[in-house]
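**Student:** For the sequence shown, the positions run 295 to 478 when the numbering used here is used. Just so you know, even glycine gets a beta-carbon here, dropped at the ideal spot from N, CA and C. No experiment lies behind these values; they were computed from the predicted model shown.
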Amino acid sequence: MRTAAKAARKAAAEADRAAGGRAAAALRDLFMAHDMALADTVVSAYWPMGDEMDPRPLLQALAAVGCRLALPALRGPGRPLDFRAWAPGDPLFPAGFGTEEPAAESPLLEPQVLLVPLLAFDALGYRLGYGGGFYDRSLALLRTRGDILALGLAFSAQQVGQVPRDGNDQKLDGLVTEKAVIRF
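(1) At which residues does the alpha helix (DSSP H) containing F428 begin and terminate?
(2) Put E308 into one of helix, strand or coil per three-state DSSP.
(3) Would you decide whether F449 is buried or exposed? Buried here means 16 or more other CB atoms lie within 10 Å of its CB.
(4) Within the same chain, show all residues whose beta-carbon is closer than 6 angstroms to that of V407, passing over the 5 residues directly before and after it, in chain order.
(5) With which residues is L443 paired in a DSSP beta bridge?
(6) Could you check the C-alpha separation between A379 and G455 for me, to the nearest Å?
(7) Can you check whether the CB of M343 is closer than 9 angstroms to the CB of A307?
(8) Alpha carbon to alpha carbon, how far is Y340 from L412?
Right under this line is the structure:
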């Protein structure tokens, strides 16, 4: 399923290079329409790899309205992610799995909004990731500490009938595509 999901995402990304900007605008508009007080809200996103939906336009917009931003940092296999402070223009450093992350000395933050990458999603709000379980462990931990809004970013072509799941998989609260904002 991961191979097919990667192919669908790649085709969608190649067909529509501006999709990330539209998805970012839709999410920004959603926050504004619900009068979310964005100043000082901690939002963690991911640094895009390959043809993942690009959250960077949204990060720029969120920084402009006073959000505190974070990016995930790997702590090791089988462990939840750390979320380290980051601002547009800050340097990033190579991390595992082809990702980049903020400097190790960047302060740890606890996100209130978590933007999550994925390979596929289903109508119930479950996501198929890369198989490491990092986001599922992180979401489970964050949810024990309080409210967190977990939103997937994806192309609509990444939707599948059902994502395989087990007791460790965490459901998303919503998903933003280039066509719609979906609440689960």
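**Tutor:** Taking the structure as given:
(1) F428 to R439
(2) helix
(3) buried
(4) V337 and L443
(5) V407
(6) 36 angstroms
(7) no
(8) 11 angstroms
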